[in-house]
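Chemist: Handing you a structure now.
Protein chains: 2
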Amino acid sequence: MFKNVLIAEDHEIVSKSLRSALTDLGITIADKDYVFYCDDAFTRVQKALRDGDPYELIITDLSFDEDYPKQKIAGGRELIKALKEIQPDLKVLVFSIENRALIANTLFKELNIDAYVPKARHDAKDLKLALESIYKNKKYHSPNLRQKEEYLHDFTPYDKTIVSLILDGKTQKEMSGILKQKNMEPSGLSSIEKRINYIKTALNISNNGQLIAYCIANKVI
Amino acid sequence: MFKNVLIAEDHEIVSKSLRSALTDLGITIADKDYVFYCDDAFTRVQKALRDGDPYELIITDLSFDEDYPKQKIAGGRELIKALKEIQPDLKVLVFSIENRALIANTLFKELNIDAYVPKARHDAKDLKLALESIYKNKKYHSPNLRQKEEYLHDFTPYDKTIVSLILDGKTQKEMSGILKQKNMEPSGLSSIEKRINYIKTALNISNNGQLIAYCIANKVI
DNA sequence: TGCATCCTTACGGGAAACCGTAGGTTGGTT
DNA sequence: AACCAACCTACGGTTTCCCGTAAGGATGCA
Chain A
13 MFKNVLIAED HEIVSKSLRS ALTDLGITIA DKDYVFYCDD AFTRVQKALR
63 DGDPYELIIT DLSFDEDYPK QKIAGGRELI KALKEIQPDL KVLVFSIENR
113 ALIANTLFKE LNIDAYVPKA RHDAKDLKLA LESIYKNKKY HSPNLRQKEE
163 YLHDFTPYDK TIVSLILDGK TQKEMSGILK QKNMEPSGLS SIEKRINYIK
213 TALNISNNGQ LIAYCIANKV I
Chain B
13 MFKNVLIAED HEIVSKSLRS ALTDLGITIA DKDYVFYCDD AFTRVQKALR
63 DGDPYELIIT DLSFDEDYPK QKIAGGRELI KALKEIQPDL KVLVFSIENR
113 ALIANTLFKE LNIDAYVPKA RHDAKDLKLA LESIYKNKKY HSPNLRQKEE
163 YLHDFTPYDK TIVSLILDGK TQKEMSGILK QKNMEPSGLS SIEKRINYIK
213 TALNISNNGQ LIAYCIANKV I
């Protein structure tokens with residue numbers, strides 16, 4: 013089983029419980045092996061790497077509460093991205109309250125994580141299975157993820173930009189100018205109109221309010 | 013210190029940790045004293061009451077994941093309300109990921125809870141303080157609540173109806189008709205226009221998308 | 001009763017969004 | 001070179017939204 017594991021989790025209660033769960037599995041978690049801030053996690057990994065005793069696995073949450081002094085790395089996503097740059101072979105297990113399959117899949121795809129376990133009713137058992145899987149170099153998708161939701165529309169980066177601009181309170185005409193500035197194509201007012209209309213049709217909704225609600229609910233932005 | 017405490021928390025990891033934290037404080041948590049479903053919590057309290065050995069305190073989460081078979085009591089709010097009806101003197105400590113002061117205050121006001129502790133960096137210590145406070149019959153507001161946010165605008169039931177209608181994709185003209193049907197005043201198209209505009213000005217935003225985003229972020233609807 | 005104030009509503013002009021059409025560009029095929 | 005398909009964009013008409021003005025109604029007070 014793993015020897016060097018780091019836990020990045022800002023909720024004390026959860027962190028504590030994770031430690032005892034890992035101890036039960038025969039993994040020793042020293043005081044230096046759990047942190048409450050992303051920045052600390054990064055530092056620890058960096059140091060372990062330099063000391064020639066790198067971590068094999070990090071277990072991390074996705075959302076971290078803000079705190080002062082302001083942290084450089086704000087959340088789990090950014091942390092994983094940063095870690096993969098300095099230690100590409102570091103395994104990553106994400107342990108988060110978020111239980112939408114889509115979110116998890118994105119992480120597997122974009123950040124190449126190794127396991128995703130949602131905090132849920134039987135997460136202790138789930139966690140155990142995940143650890144065993146990734147120890148054998150196998151990815152682990154928790155069965156507790158809410159699979160059903162299917163995307164009616166795949167938001168492209170272009171779409172996301174448009175939605176963000178709506179959120180900024182821009183008019184379509186203003187968007188056209190902004191997209192031209194950014195050299196994003198297409199930037200014609202007409203194209204923007206049509207794209208928004210296309211998305212709404214795909215999602216079967218009729219106004220911007222619903223569009224925003226949908227995007228927020230599905231963490232599109 | 014408390015003798016009879018019930019824990020309602022659907023995340024196994026958190027539940028486990030809560031138990032050990034309470035044990036550390038000298039509170040015994042038997043297997044019958046923690047549950048993963050609201051319905052079970054209600055049953056336990058009911059039974060304990062009937063057996064003449066009622067609980068003194070319940071520690072409960074707010075949001076519970078859905079599960080099958082479908083539960084009658086869906087969340088912490090409903091649970092607390094139901095419990096207060098059968099045992100008004102039962103003390104309630106809410107332990108939730110939600111850290112907005114406004115949400116907590118509403119619970120103190122409307123459901124007369126005794127303590128609110130957000131899951132956060134130092135929640136173990138926070139929990140301890142809370143338990144000590146309510147044991148002395150004192151309400152406990154966690155200092156970790158995000159206090160700053162002040163409402164720029166208080167959404168009246170009328171406002172909420174309008175926002176809901178926007179979310180339903182209705183036009184303002186349709187809203188006028190619907191409000192007339194519901195006998196809600198004012199129902200004139202002009203009044204609706206002005207109200208929406210007033211809210212937007214108050215929130216310093218310029219389109220419906222932002223309005224919806226604000227309402228979702230602040231759980232107005 | 002008369003007057004002031006507040007609220008609701010109707011109306012109208014202008015801006016933005018919606019929607020179809022048609023012209024233009026690009027890139028690939030024959 | 002001719003053709004075609006896919007895409008972007010400009011344009012115009014309609015609807016919806018935005019916003020100011022003003023008329024009508026209710027209330028309170030002198």
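Keeping their order, the protein sequence lines are chains A and B.
Numbering of the first sequence is given in our numbering, commencing with residue 13 and proceeding in unit increments.
Numbering of the second sequence is given in our numbering, commencing with residue 13 and proceeding in unit increments.
Cβ coordinates follow ideal geometry from the N, Cα and C atoms, glycine included.
Using a Cβ-Cβ cut-off of 7 Å, state whether A/H153 counts as contacting chain B.
Modeler: Taking Cβ atoms only, chain B never reaches closer than 7 Å to A/H153, which makes this a no.
Chemist: For a contact defined as C-beta to C-beta under 7 Å, what are the partners of B/L37 on chain A?
Modeler: Residues of chain A passing the Cβ test: none, with the nearest at roughly 13 Å.
Chemist: Per DSSP, which residues does A/T72 bridge with? Please list them.
Modeler: A/A20 and A/V106, per the DSSP bridge assignment.
Chemist: If you reduce the DSSP assignment to three classes, tell me which class B/V47 lands in.
Modeler: The answer is strand: DSSP assigns B/V47 an E or B state.
Chemist: Just to confirm before moving on: does the CB-CB distance between B/R207 and B/R158 stay below 7 Å?
Modeler: The answer is no: Cβ separation not under 7 Å.
Chemist: Which whole runs of the alpha helix (DSSP H) in the segment 122-195 of chain A are 4 residues long or more, in chain order?
Modeler: Complete alpha helix (DSSP H) runs here, min 4: 135-147, 169-179 and 184-193.
Chemist: Going by C-alpha to C-alpha distance, which of A/M13, A/Y226, A/Y46 and A/A60 sits closest to A/G38?
Modeler: Among A/M13, A/Y226, A/Y46 and A/A60, the Cα nearest to that of A/G38 is on A/M13.
Chemist: Just to confirm the assignment, what range does the alpha helix (DSSP H) spanning B/S199 have?
Modeler: Counting along the chain, B/S199 falls outside any alpha helix (DSSP H), and DSSP gives it neither H nor E.
Chemist: For the pair the segment 17-27 of chain B and the segment 194-204 of chain A, tell me if three or more CB-CB distances fall below 8 Å.
Modeler: Flag = no, the segment 17-27 of chain B and the segment 194-204 of chain A do not touch.
Chemist: Just to make sure I have the definition right: I need the residues of chain A whose C-beta is within less than 7 Å of the C-beta of B/E24. Which are they?
Modeler: Here the neighbours are R133, H134, D135 and A136.
Chemist: According to DSSP, which residues form a beta bridge with B/R112?
Modeler: Paired residues: B/R158.
Chemist: Could you work out which residue in A/N149, A/I233 and A/E97 is closest to A/L105 when comparing CA atoms only?
Modeler: Selected option, being the one with the closest Cα: A/N149.
Chemist: Under three-state DSSP, which class holds A/S218?
Modeler: A/S218 falls in the coil class under three-state DSSP.
Chemist: Could you work out which residues of chain B lie near A/D77, taking near to mean beta carbons separated by less than 8 Å?
Modeler: Simply N111, A132 and R133.
Chemist: What does A/I217 reach in chain B if we use C-beta pairs closer than 9 Å?
Modeler: Within 9 Å Cβ-Cβ: G181.
Chemist: Out of A/S154, A/K15, A/Y147 and A/D77, which one is the CA nearest neighbour of A/P130?
Modeler: Answer by Cα proximity: A/S154.
Chemist: Using a Cβ cut-off of 9 Å, pull out every chain B residue sitting near A/Q222, in sequence order please.
Modeler: Residues of chain B passing the Cβ test: I178, L179, D180, G181 and I224.
Chemist: Taking a Cβ distance cut-off of 7 Å, strictly less, list which residues of the segment 45-76 of chain B are near chain A, in chain order.
Modeler: Residues F48.
Chemist: Measure the C-alpha to C-alpha separation of A/R89 and A/L74 and round it to an integer number of angstroms.
Modeler: Rounded to whole angstroms, A/R89 to A/L74 spans 6 Å at the Cα level.
Chemist: Alpha carbon to alpha carbon, how far is A/S32 from B/K151?
Modeler: Each residue's Cα considered, the two are about 32 Å apart.
Chemist: Do the segment 107-127 of chain A and the segment 69-84 of chain A make contact, defined as three or more Cβ pairs closer than 8 Å?
Modeler: Counting Cβ pairs under 8 Å, three or more are found: they touch.
Chemist: Give the straight-line distance between the Cα atoms of A/I25 and B/E186, rounded to the nearest whole angstrom.
Modeler: Their backbone Cα atoms lie some 49 Å apart in a straight line.
Chemist: Cβ atoms of A/Q58 and B/G181: under 7 Å apart, would you say?
Modeler: No; because the gap between Cβ atoms is not below 7 Å, this pair is not in contact.
Chemist: Across the segment 86-100 of chain B and the segment 48-62 of chain B, are there enough close Cβ pairs to call them in contact, namely three or more that are closer than 8 Å?
Modeler: The segment 86-100 of chain B is in contact with the segment 48-62 of chain B.
Chemist: Taking all protein chains shown into account, decide if B/Y210 is buried (16 or more other Cβ within 10 angstroms of its Cβ) or exposed.
Modeler: Counting Cβ neighbours within 10 Å, B/Y210 comes out exposed, since fewer than 16 surround it.
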